[in-house]
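Under the numbering used here, think of the first position of the sequence shown as 15, with each following residue one higher.
Glycine included, every Cβ here is placed at the ideal spot set by N, Cα and C.
Predicted, not measured: the structure shown is a model, and the values here were computed from it.
Report on one structure; see the data block that follows.
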Amino acid sequence: MLNAKAYSAVSATSPLAPTTIVRRDLTEQDVQIEILFCGICHSDLHTVRNEWSSLIQTVYPCVPGHEIVGRVTKVGSAVTKFKVGDLTGVGCLVDSDHTCPQCQAGLEQFCPNQVWTYSGKDKHLGGVTYGGYSDTIVVDQRFVLRIPENLDPAAAAPLLCAGITTYSPLKHWDVKAGKKVGVVGLGGLGHMGVKFAHALGAHTVVFTTSKNKVEDALRLGADEVVISTSASEMIRHTASFDFILNCVSAEHDINAYINLLAIDGNMTLVGAPEKPLSLGAFGLLMGRRSVSGSPIGGLRETQEMLDFCGKHNITSDVETIAIQQVNEAYERLLKADVKYRFSIDMASLKSE
């Protein structure tokens with residue numbers, strides 16, 4: 015067994031605080047990783063505060079974090095994909111059953127027996143898995159990803175969730191040059207969607223309620239920016255989009271965006287509003303339009319995304335913080351007071 019420093023929450027109302035957790039001894043298929051950086055995802059906050067209890071009941075203590083970048087420090091005897099010193103990543107999953115049709119198709123994100131990086135069932139030690147707010151982690155090599163060395167590791171960390179969450183639907187719906195793509199919301203997910211849509215060659219339009227975000231949207235790669243509260247600007251784009259990536263997690267009128275889709279256009283939701291959204295049938299019927307949702311991607315697609323990022327030098331825009339600032343970061347996250355993701359420098363754990 016290996017003792018590791020970490021930050022955990024012991025209840026839904028307690029702050030994250032220093033603790034010591036146990037990592038398993040390496041099996042022959044395992045890779046041990048010194049965690050350098052871990053991104054903060056909004057789902058970390060939801061899980062820590064047990065706000066998704068209708069889907070999953072958080073088990074405490076909870077060590078969040080599924081946007082992990084680090085260096086390999088040790089490998090099991092049967093590991094062939096990695097060696098000591100490699101720059102690697104771990105995303106939202108650390109295991110699956112490997113045998114179901116979804117796993118066989120490279121769609122581990124839909125495996126009925128998937129194991130989340132944190133708050134999943136730990137078959138090795140019992141209890142639940144612990145995530146990346148820690149100094150080290152042990153993971154099956156099949157769920158370890160290679161990070162291109164040309165990418166800043168702090169800024170690459172959010173690619174393991176925010177990156178693949180936006181890349182996967184863009185690829186699924188064949189976004190490429192000649193397509194007109196909308197990105198709704200310019201936050202942690204939206205800013206990655208803009209970068210990917212631009213790099214894939216699409217004419218990229220950002221929808222935002224804030225005029226203050228226009229300049230940033232253009233900097234990130236948008237060809238146009240629409241203030242979504244302006245009826246005239248919205249009408250100008252009626253029935254013209256091949257694809258819209260909706261990154262908004264707040265309650266909003268999705269029918270306004272459905273009306274912007276061309277014939278056979280699709281809008282994919284990657285944001286998760288707390289309350290059900292009202293959907294009008296006629297907007298779909300009159301253009302054979304569709305609305306879908308998408309989570310993360312599988313391991314193969316996630317590696318493809320990372321390689322794409324290496325080729326195009328794409329990373330997340332991050333604010334790097336010490337682990338001791340994590341509770342403050344959570345409060346700022348609730349206010350959308352970050353451009354555009356927090357990345358925790360795990361070297362700060364050494365002082366605990």
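Just to confirm before moving on: does the CB-CB distance between residue 198 and residue 46 stay below 7 Å?
no
Using only alpha-carbon positions, find the residue among 228, 157 and 280 that is nearest to residue 200.
228
Could you tell me the alpha carbon to alpha carbon distance between residue 211 and residue 16, rounded to whole angstroms?
42 Å
Determine the extent of the beta strand (DSSP E) in which residue 17 is found, giving its start and end residues.
16-22
C-beta atoms of residue 328 and residue 209 nearer than 7 Å
yes
What number of angstroms, rounded off, separates the C-alpha of residue 265 from the C-alpha of residue 341?
25 Å
Does DSSP classify residue 38 as helix, strand or coil?
coil
Would you please verify whether the beta carbon of residue 107 is less than 7 Å from any beta carbon of chain B?
In the structure shown, chain B cannot be found, because there is only a single protein chain.
Which residues in the same chain have their Cβ closer than 6 Å to the Cβ of residue 202, if we skip the five residues on either side of it in sequence?
176, 354 and 355
Length of the line joining the Cα atoms of residue 254 and residue 262:
20 Å
Which residues mark the beginning and the end of the alpha helix (DSSP H) in which residue 120 is found?
Neither: residue 120 is in no alpha helix (DSSP H) and is coded neither H nor E.
Who are residue 275's beta bridge partners in DSSP?
255
Cβ of residue 50 within 7 Å of Cβ of residue 93?
no
Rounded Cβ spacing between residue 107 and residue 128 (contact assumed at less than 8 Å)
6 Å
To the nearest angstrom, how far is the alpha carbon of residue 52 from that of residue 339?
13 Å
Tell me, to the nearest whole angstrom, how far the beta carbon of residue 122 is from that of residue 307; I am working on the premise that it is less than 8 Å.
Actually they are not in contact, since the Cβ atoms of residue 122 and residue 307 sit about 17 Å apart, beyond 8 Å.
In chain order, what residues of the same chain have a beta carbon less than 6 Å from the beta carbon of residue 217, not counting five sequence neighbours either side?
194 and 237
Could you pull the start and end residues of the alpha helix (DSSP H) that residue 325 belongs to?
313-326
Relative to the C-alpha of residue 81, which candidate in 259, 105 and 301 has its C-alpha closest?
105
Cutting at 8 Å between CB atoms, please list the residues of its own chain near residue 130, excluding the five before and the five after it.
80, 106, 107, 108 and 143
Taking its Cβ as the centre, do 16 or more other Cβ atoms sit within 10 Å of residue 32, making it buried, or is it exposed?
exposed
Which one of 349, 285, 148 and 272 has the shortest CA to CA distance from residue 296?
272
Select from 87, 115, 310 and 113 the residue whose C-alpha is nearest the C-alpha of residue 102.
87
Please list the terminal residues of the continuous beta strand (DSSP E) segment that includes residue 369.
Past the edges of the chain, shown from 15 to 366, lies residue 369, and the structure says nothing about it.
Cβ of residue 250 within 7 Å of Cβ of residue 275?
no
Tell me whether the beta-carbon of residue 281 lies closer than 7 Å to the beta-carbon of residue 310.
no
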